[in-house]
Structure formats: C-alpha cells, structure tokens
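Here's the structure, in structure tokens; my notes come after.
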Amino acid sequence: MIDIALLRDNPQVVRASQIARGEDPAIVDAVLAADTSRRSALGDFEAARAQQKSLGREVAQAKGEEREVLLARTKQLADQVKSFQAKAGAAGEELDSLLSQIQNIVEGAPPGGEDDFVVVRHVGTPRDFAAEGFEPRDHLALGEGLRAIDTARGAKVSGSRFYYLTGVGARLELALLNAAVDQAVAAGFVPVITPTLVKPEIMAGTGFLGRHADEIYHLGTDDLYLVGTSEVALAGYHSGEIVDLSEGPLRYAGWSACYRREAGSHGKDVRGIIRVHQFHKVEMFSYSRLEDADAEHQRLLAWEEDMLAKAELPYRVIDTAAGDLGSSAARKFDCEAWLPTQQRYLELTSTSNCTTYQARRLGVRERVAGGQTRPVATLNGTLATTRWIVAILENHQQADGSVRVPVGLRPYLGGLEVLEPVS
RNA sequence: GGAGACGUCGCAUAGUCCGGUCUAGUGCGCCACCCUGCUAAGGUGGUGACCCCGUAAGGGGUCCGAGGGUUCAAAUCCCUCCGUCUCCGCCA
Numbered sequence: 002m003i004d005i006a007l008l009r010d011n012p013q014v015v016r017a018s019q020i021a022r023g024e025d026p027a028i029v030d031a032v033l034a035a036d037t038s039r040r041s042a043l044g045d046f047e048a049a050r051a052q053q054k055s056l057g058r059e060v061a062q063a064k065g066e067e068r069e070v071l072l073a074r075t076k077q078l079a080d081q082v083k084s085f086q087a088k089a090g091a092a093g094e095e096l097d098s099l100l101s102q103i104q105n106i107v108e109g110a111p112p113g114g115e116d117d118f119v120v121v122r123h124v125g126t127p128r129d130f131a132a133e134g135f136e137p138r139d140h141l142a143l144g145e146g147l148r149a150i151d152t153a154r155g156a157k158v159s160g161s162r163f164y165y166l167t168g169v170g171a172r173l174e175l176a177l178l179n180a181a182v183d184q185a186v187a188a189g190f191v192p193v194i195t196p197t198l199v200k201p202e203i204m205a206g207t208g209f210l211g212r213h214a215d216e217i218y219h220l221g222t223d224d225l226y227l228v229g230t231s232e233v234a235l236a237g238y239h240s241g242e243i244v245d246l247s248e249g250p251l252r253y254a255g256w257s258a259c260y261r262r263e264a265g266s267h268g269k270d271v272r273g274i275i276r277v278h279q280f281h282k283v284e285m286f287s288y289s290r291l292e293d294a295d296a297e298h299q300r301l302l303a304w305e306e307d308m309l310a311k312a313e314l315p316y317r318v319i320d321t322a323a324g325d326l327g328s329s330a331a332r333k334f335d336c337e338a339w340l341p342t343q344q345r346y347l348e349l350t351s352t353s354n355c356t357t358y359q360a361r362r363l364g365v366r367e368r369v370a371g372g373q374t375r376p377v378a379t380l381n382g383t384l385a386t387t388r389w390i391v392a393i394l395e396n397h398q399q400a401d402g403s404v405r406v407p408v409g410l411r412p413y414l415g416g417l418e419v420l421e422p423v424s
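FYI, the numbering for the first sequence is 2 to 424, going by the numbering used here.
Set out below in structure tokens:
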C-alpha cells in the first residue's frame, strides 16, 4: 500500500512510478476521485452519527411524552445513520481496492523491463574449462554422479520439479544453510524458523497476492497459503505492532522451506534443481526506519556477497529494472552466479527494499519523537538457497567428476575437502 | 474430537447478570511540572490507536479479540468465527 497522502500531494510522482513499471498511470485519477467521494460520504455519516449520539443522551434523560417525541425522531435518524454508514463503508472499500492496485513507488531503479537491468559489478573470474582441458558437466550430471541429486525419484513421488537430495547432496544443503545462519547470527540477526503456512491477510500484506497470485500454493480447505519465502512470515511477524527501532533495525534470519507453483514457466529450466516447487532458504529480513532503508539495503547486499565469497563463486550484481520489480519493491539488487554449462548468469540472491509498502499493509509502525507513529521500512535479502548447490557443483567440479568443497563450507561438512563420485 | 472458563485504552483490573448516568473507572508504569539542598517520598496535571474537517487552535467520528444481528441506543443481549487456558479423548 502506498501513502495516500503522497498520492494526494504529488500525484505526478505516483504516475511516473506507474509508467516506469509499465503500469497504468490512470489509476491515480481513479484513486483521487474515490478519495473525494469517500471523504464526503464519511462526513455525512459522522455528522448523522454525532446527532444520533446526542439525541440518545436526551432520550436517556427524558420522561413521559417528551421521551415519546424524542424516540420518534431518533428512530428516523437511525435509518439515515445506517444508510450513510453503508455508503461510507462502500466508498472506503472502493478506495482501498483501487489504492491496493498501485504498486510501490520505484526509487532509483533503472527504467525498462526484465532485460534492462544495469550491471553494478562483476566479482571473481569464471573458470576457463577449455584451458583446463575438459568439458564441464552440468549440475544434474555431477549431482547424479555424486549420488547427491535424484530428480527421477522426485518426479515419481511428487511430480516434475521435485527432487531428492541424498548423501552429500543433503549434507551440502545443510552446510550452506547452516553457514548462512551462522553468518547472520554473527552479524546480529535473530535466527527464526518460521511457519510456512500463512493466512490470506498476511500473504496479501506482503504484496504477493496481486498479479502473480497463481505462483502461490493455496490450501482451499483451510484457506492458508504456502509461503514462497520466509519473507512472508517475517513480514507478518510484527504485523499490527508498534516496534522500537531506536537501537537500529530489527534483523531476523528466517529459515524455511519455500514453495512455488512455477505456473507459466513450463519448459523453462526443466532440467535439474534450478527451478523447483520446493526448496530451502535462509532469508535476511530487516525492519528499519525509512531514512535508514537505503543504507540497510546496501548492508544486506554486502552480506549476500560475503556468503557468495564463502562459496567461492564468480558472480555479478545487477540493479533490477523498474518493470521487473515485485509489486512491493522500490528497488532490487540480484546477485547472479556464473553457470558454466549454460554460459549465463543464474540468480542466487535477491535483495529488495520495500520501503513502507509492506509495513503500511501489515500495520507495522514505529513511534517517533512527539509520540506520533509512522510505518517502518521492510527489506529482505537471500543468504542461501538450495539453488546454490547448482552453482557450487558446476563451478567447483574437477575433470573426474568430483567437486572441490569451498573452504568456507568445509567446517559444515566435517572438514570434507572433495565430494567424490560414487562408482 | 468432546466439555468448560476467559479475551476491556502499555501492564493489572472494575464494568457485562439487570442496555442509556461508560464521554470506559481504579492501581501500577510512563511523561511534564511543583516541592524537597542530591536520592527517596510527596503533590498537580497528563498519558492509546485510527480516520475526517481545519493553516492552526480546535471540533467530530471509529475502536472493549474479529465479524454479523437485535435496539431509538450495545463493552453490556443474541449468533458465528479466532485466540488463550483447564480437563477428557485420540495421535505423534
């Protein structure tokens, strides 16, 4: 939810943001009109209600005939109040519905669509497998050789885009996630294991039930949603609360399974575990003051890069274009690791600054000097996911099909230095 | 799954049976000021959220777990739901 006051005072800012995202700017005028009619309806209701209350007090005092006369008047008024209230309610809903369609105001993101990202920097150098004298295997071939990844049985049991991680595969995932949690804790994050089923209002509050609602699993019997990231549960954690940010941002590191329907991605990344329905993720989540949000965003990005350094992966950082931002994000940076067998970069982390968009919907506020409250900013960023296994296997593979374990992960694998194929 | 109790403005609690004087009382906490050479104690006042009108001062409205209903009028009566607790059953 964007700030209606911003829209009233600076409608051109909102229009510009909509245009940058490739969305319809005309909705701004629809909101302004709905706002006007809601205010007028609310005024009618409140005036009538005030009259009803004061008459009610007179009724309580009055006796006999005087009371009868008053009762007749109040009965009439009651109908009027009811009808005004209904009108005001409807006008309010109309406004909310329009306002909630407006996505967060873009801040600093490059204009354009998915392909218009700006590369911020490259870190590390992709290996030259030709010079090393062998053809790199892809992550699934490597994973099968290591008896680490089993997509055939995943499909047998659960369908396409499901998999088993076995042996060193399972251990490697745990190693990654544990390394991520340890790093987060060292940086002051509170580690959290979150619910993965959430109520509709929480899912809607984080902005995931808009355009891409068909990406999300829904349990109809219980009207609960399976989260696609622990961001959802962590954003909901302080919903409806007034939080204290006087000591700096509140930082949580969520550990959870993540579920995605991957509707509309048929035929894309079908091999292996690049794009799957279920995976694990450690996610950083910060509640910060709005004026600290940019700095916090940069910190989240830096922590992501620390993890990538532990995994010893070559990657680039991109500044996502406005048209490719999620509805909640004002700005987003992705870190993409080099994938040798596909000669392309693969997203491993994503950090978004959602400014006050989610907090406004979820009612997360802070108290400021003077006793006033205002919405906080929320930010999130990836520390590790199952997908990282793809990049680690491919980038650290050796000619014999074994895989060198990055030094930073060895403590989490009992000191193991090389993953050896099972013959 | 069954039975029962409970949910009030930071915390604790009154009010609910019997609807209007609740414009929600009180204690604690907190804030400001006063007093006291410091501290403690004491005194006075204040003390929530959200929305609308207004430059402001100020005025008005909504909120007693949530949502409906009855009524001229609901914290109070009725219904549904949610949550917490206790007991029983069942399952890990």
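Positions of the beta carbon are idealized from the N, C-alpha and C atoms, including for glycine.
Member of the options whose CA lies at the smallest distance from the CA of residue i
i: Ala49; options: Gly221, Ser84, Val169; result: Ser84
i: Glu241; options: Arg375, Ile150, Ser353, Leu302; result: It is worth fixing the name first, because residue 241 is Gly in this sequence and not Glu. When only C-alpha atoms are compared, the closest one is Arg375.
i: Gln104; options: Tyr358, Arg345, Val419, Trp304; result: Tyr358
i: Phe135; options: Pro341, Ser18, Arg345; result: Pro341
i: Trp339; options: His298, Thr126, Leu384, Gln52; result: Thr126
i: Ala234; options: Pro192, Val271, Leu301; result: Pro192
i: Val120; options: Leu417, Leu394, Ala87, Thr321; result: Thr321
i: Tyr165; options: Leu175, Ala149, Arg172, Glu202; result: Ala149
i: Gln343; options: Asp335, Arg332, Gly273; result: Gly273
i: Thr207; options: Phe334, Lys64, Pro111, Cys355; result: Cys355
i: Val15; options: Gly255, Leu173, Ile106, Arg276; result: Ile106
i: Gly409; options: Met308, Trp389, Gln86; result: Met308
i: Arg361; options: Asp270, Pro407, Glu305, Ala236; result: Ala236
i: Gly23; options: Met2, Leu78, Pro111; result: Pro111
i: His298; options: Ile275, Arg252, Val271, Asp270; result: Arg252
i: Ala392; options: Gln373, Val369, Leu417, Cys336; result: Cys336
i: Glu248; options: Arg40, Val369, Gln52; result: Val369
Nearest-angstrom Cβ-Cβ length linking residue i and residue j, presumed shorter than 8 Å
i: Thr386; j: Phe280; result: 6 Å
i: Glu95; j: Ala35; result: 5 Å
i: His123; j: Arg345; result: So it is not a contact: roughly 14 Å between Cβ atoms.
i: Val32; j: Leu8; result: 6 Å
i: Gly211; j: Ser98; result: That pair is no contact at about 12 Å.
Which residues DSSP lists as bridging residue i, in chain order
i: Asp151; result: Tyr165
i: Tyr260; result: Gln279
i: Gln398; result: Val404
i: Thr374; result: Arg368
i: Glu133; result: The partner list for Glu133 (beta bridge, DSSP) is empty, contrary to what the question assumes.
i: Pro196; result: In DSSP, Pro196 forms no bridge with anything.
i: Met285; result: Ala254, Gly382
i: Leu420; result: Val404
Residue i: first and last residue of the uninterrupted beta strand (DSSP E) it sits in
i: Ile106; result: Here Ile106 belongs to no beta strand (DSSP E), and DSSP marks it neither H nor E.
i: Phe334; result: 332–340
i: Glu348; result: 345–354
i: Tyr218; result: Tyr218 -> no beta strand (DSSP E), and no H or E assigned at all.
i: Arg122; result: 119–124
Boundaries of the alpha helix (DSSP H) in which residue i is found, first to last residue
i: Asp454; result: Coverage of the chain is limited to positions 2 through 424, which leaves residue 454 absent and any answer about it impossible.
i: Tyr358; result: 358–363
i: Pro12; result: 12–22
i: Tyr238; result: 232–238
i: Arg40; result: 28–62
i: Leu100; result: 65–100
i: His298; result: 294–311
i: Leu141; result: 140–146
i: Gly265; result: Run containing Gly265: none; DSSP gives neither H nor E here.
i: Pro201; result: 201–206
Evaluate contact between the region 215–226 and the region 374–382, counting only Cβ atoms and requiring at least three cross-stretch pairs below 8 Å.
-> Here the region 215–226 makes no contact with the region 374–382; the two share fewer than three CB pairs at distances below 8 Å.
Can we say the region 207–226 touches the region 256–266, given the rule of at least three CB pairs closer than 8 Å?
-> Under the three-pair Cβ rule at 8 Å, the region 207–226 counts as touching the region 256–266.
Examine the Cβ distances between the region 138–150 and the region 396–414 and report whether three or more of them are shorter than 8 Å.
-> Short answer: they touch.
So does the region 401–417 actually touch the region 177–184, counting three or more Cβ pairs closer than 8 Å?
-> Yes, the region 401–417 touches the region 177–184.
Take every Cβ of the region 301–313, pair it with every Cβ of the region 347–364, and state whether three or more of those distances are shorter than 8 Å.
-> At 8 Å Cβ cutoff, the stretches touch.
Take every Cβ of the region 361–370, pair it with every Cβ of the region 143–163, and state whether three or more of those distances are shorter than 8 Å.
-> With the rule of 3 Cβ pairs closer than 8 Å, the region 361–370 does not count as touching the region 143–163.
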